[in-house]
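K.L.:
Can you read through this structure? Questions will come right after.
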Amino acid sequence: MKKKEPKQQEIKQKTLIRKPSKASLTLAAKLIQQGNLVAFPTETVYGLGANACDPRAASKIFVAKGRPSDNPLIVHISNEKQLNQVAQKIPAIAKKLMAKFWPGPLTLVFLKKAIVPDVVTAGSSTVAVRMPKHPVARKLIELSGCPIAAPSANTAGKPSPTTAAHVYEDLNGKIPLILDGGKTEHGLESTVLDLTEGVATLLRSGAITKEAIEKVLGKKIRIAKHTAKKVKSPGMKYKHYAPAVEMILVQRNTTQLLIDATKKLLKKYANQGKNVGILCRTEHTQFYRQASQIIPCGSDQSEQKLALTAQKLYAALRQFQPQQVDIIIAEGFPYKGLGQAIMDRLTRAATHVDKK
Ligand code: TXA
Ligand code: MG
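Everything in the sequence shown is counted per our numbering, starting at 606 for the first residue and increasing by one.
Right, here's the structure in full:
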């Protein structure tokens with residue numbers, strides 16, 4: 606029989622938004638200790654946190670987000686002692702990676718200890734752990750005195766929140782408190798790396814590039830193939846990051862071919878009487894005057910500019926509304942450096958990828 610999934614909760618409680626202060630952090634920690642949820646900023650995206658060792662608290666996350674129960678949560682820690690509480694068998698490569706990237710946007714998957722409840726790991730014998738860098742996230746974990754399980758603080762399927770306003774948009778009435786730490790630094794989620802099989806395997810590309818990891822390890826890492834049959838990271842099989850309207854992602858090998866193909870699609874849909882939204886590099890807005898809405902989103906001319914694209918991406922996707930556009934056409938990015946994570950998210954957000 607098919608397992609019944611939790612429905613997203615109806616609005617019933619008041620959601621406070623508070624800037625981080627001694628008082629708001631104390632309140633947040635108290636809520637976590639009492640088994641409630643708190644949304645908080647990290648350097649990647651906002652997280653929706655609960656005490657990772659309290660199954661009843663963690664299960665509230667799935668209800669608030671409307672998240673499928675087979676998609677496990679990342680456990681956030683603020684010191685290495687907490688890593689030993691939740692994980693067993695820390696391999697030598699983990700130590701190398703932790704020394705370089707922790708605190709920061711790298712999530713490592715280990716064999717779990719019994720203290721981590723099944724609801725957090727979706728019944729798996731492994732646990733994903735990350736030590737965030739954001740001072741508010743760190744302070745919240747410290748004051749709560751427990752590891753905090755937290756997925757991104759969005760409604761399941763939508764783009765992850767990079768501001769407190771995005772969290773409010775999705776979870777108003779469903780959680781008691783949002784700590785507002787402003788815009789998040791990276792704008793894309795952490796990189797997820799599995800270390801339980803002897804060879805490091807990339808489960809989700811993210812803010813730390815594959816190249817940066819390989820440089821530290823001095824060797825190539827394996828890239829997990831997410832097929833319908835065998836999904837190593839359960840989150841990868843669901844529709845994700847999707848804006849409120851249909852989106853076509855255009856992928857070409859040169860900038861000129863990309864502009865030409867995007868223009869052609871724009872013309873096609875505009876001629877059908879559709880209001881077209883365009884997501885493109887800032888320097889390309891001039892080419893798409895026929896569009897009803899153009900959201901410029903960074904550039905790929907340098908790694909720094911690509912980082913700005915990543916930072917703005919989810920906010921850009923959230924800006925397109927069905928009242929204004931019928932379809933979105935998005936320019937793709939090269940699969941290099943951060944471009945890999947950007948393309949991973951755009952591909953998942955898209956209804957269709959147009960490539961030659
Ligand atoms: O940057 C981030 O990672 C943000 C912030 C809040 O820390 N969190 C985040 O969580 O993106 P979430 O739940 O949206 O994505 C977690 C991903 C999912 O793809 C999930 O399937 C995978 O990590 N994951 C969690 N536990 C796992 C495990 N034990 N084995 C394999 N994959 C796991
Ligand atoms: Mg998420």
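Just so it is clear, CB atoms sit at the ideal spot from N, CA and C, and this is done for glycine as well. These numbers come from a predicted model, not from an experiment.
Is it true that the region 785 to 802 meets the region 710 to 721, where meeting means three or more beta-carbon pairs spaced less than 8 Å apart?
P.N.:
Segments in contact, yes.
K.L.:
For the 8 Å Cβ check, are there 3 or more pairs between the region 939 to 948 and the region 913 to 929?
P.N.:
In short, these stretches touch, since the Cβ pair count reaches three.
K.L.:
Suppose contacts are defined by Cβ-Cβ distances below 9 Å. Is phenylalanine 645 in contact with leucine 784 by that definition?
P.N.:
Here residue 645 refers to the residue found at position 40 when the sequence shown is read from its first residue. Here residue 784 refers to the residue found at position 179 when the sequence shown is read from its first residue. Yes, Cβ-Cβ distance for phenylalanine 645 and leucine 784 is below 9 Å.
K.L.:
Taking only three categories from DSSP, how would you classify histidine 681?
P.N.:
For the purposes of this step, residue 681 is taken as the residue at position 76 of the sequence shown. The answer is strand: DSSP assigns histidine 681 an E or B state.
K.L.:
Checking the sheet assignment: what are the DSSP bridge partners for serine 757?
P.N.:
Position 152 of the sequence shown, counted from the start, is the residue given in the question as residue 757. Looking at the DSSP assignment, serine 757 forms a beta bridge with Gly652.
K.L.:
Drop a sphere of 10 angstroms on the beta-carbon of arginine 894, count the other beta-carbons inside from all chains shown, and report buried for 16 or more, exposed for fewer.
P.N.:
Numbered from its first residue, the sequence shown carries residue 894 at position 289. Exposed, by the Cβ-count rule.
K.L.:
At which residues does the beta strand (DSSP E) containing alanine 733 begin and terminate?
P.N.:
Along the sequence shown, one-based indexing puts residue 733 at 128. 731 to 735 is the span of the beta strand (DSSP E), which, as asked, contains alanine 733.
K.L.:
Quick check on arginine 809: does DSSP put it in helix, strand or coil?
P.N.:
In the sequence shown, residue 809 corresponds to position 204, counting from 1. Residue state, collapsed to three classes: strand.
K.L.:
Regarding glutamate 648 and ligand 2, is the C-beta to nearest heavy atom distance less than 8 Å?
P.N.:
Counting from one through the sequence shown, the residue named residue 648 turns up at place 43. No, Cβ of glutamate 648 sits at least 8 Å from all heavy atoms of ligand 2.
K.L.:
Within 10 Å of its beta-carbon, does glutamine 926 have 16 or more other beta-carbons around it, so buried, or fewer, so exposed?
P.N.:
As a first step, residue 926 is located in the sequence shown; it is residue number 321 there, counting from the start. Exposed: under 16 other Cβ atoms inside 10 Å.
K.L.:
Taking 6 Å as the limit between beta carbons, can you name the residues of its chain near serine 674, skipping five residues before and five after?
P.N.:
Here residue 674 corresponds to residue number 69 of the sequence shown, with the count starting at 1. Phe667.
K.L.:
Taking just the CA atoms, how far does proline 939 sit from glycine 786?
P.N.:
Looking up residue 786 in the sequence shown gives position 181. Looking up residue 939 in the sequence shown gives position 334. Each residue's alpha carbon lies about 31 Å from the other.
K.L.:
Compare the beta carbon distance of isoleucine 818 and isoleucine 826 with 9 Å and say whether it is the shorter of the two.
P.N.:
Within the sequence shown, numbered from 1, the residue matching residue 818 stands at position 213. Within the sequence shown, numbered from 1, the residue matching residue 826 stands at position 221. Closer than 9 Å, so yes.
K.L.:
What's the C-alpha gap between alanine 829 and asparagine 656?
P.N.:
In the sequence shown, the residue the question calls residue 829 occupies position 224. In the sequence shown, the residue the question calls residue 656 occupies position 51. Looking at the two C-alpha atoms, the distance is approximately 29 Å.
K.L.:
For ligand 1, I want to know if aspartate 785 counts as a neighbour, meaning its beta carbon is within less than 8 Å of at least one of the ligand's heavy atoms.
P.N.:
Residue mapping note: residue 785 aligns to position 180 of the sequence shown, counting from 1. No.
K.L.:
With 16 as the cutoff for other CB atoms within 10 Å, does threonine 631 come out buried or exposed?
P.N.:
To locate residue 631, count along the sequence shown from 1; it is residue 26. Classification of threonine 631: exposed, given that the 10 Å Cβ count is below 16.
K.L.:
Assign threonine 859 to one of two classes, buried (16 or more other C-beta atoms within 10 Å of its C-beta) or exposed (fewer than that).
P.N.:
As a position in the sequence shown, residue 859 is number 254, starting the count at 1. By the 10 Å Cβ count, threonine 859 comes out exposed.
K.L.:
Considering only the beta carbon of each residue, do glycine 654 and isoleucine 720 sit closer than 9 Å?
P.N.:
Translated into the one-based positions of the sequence shown, residue 654 becomes position 49. Translated into the one-based positions of the sequence shown, residue 720 becomes position 115. Contact: no.
K.L.:
For the beta strand (DSSP E) containing leucine 966, list its first residue and its last residue.
P.N.:
Only positions 606 to 961 of the chain appear in this structure, which leaves residue 966 out of reach.
K.L.:
Name, in chain order, the residues that DSSP records as bridge partners for isoleucine 746.
P.N.:
Residue numbering aside, residue 746 sits at position 141 when the sequence shown is read from its first letter. Isoleucine 746 pairs with nothing; no bridge assigned.
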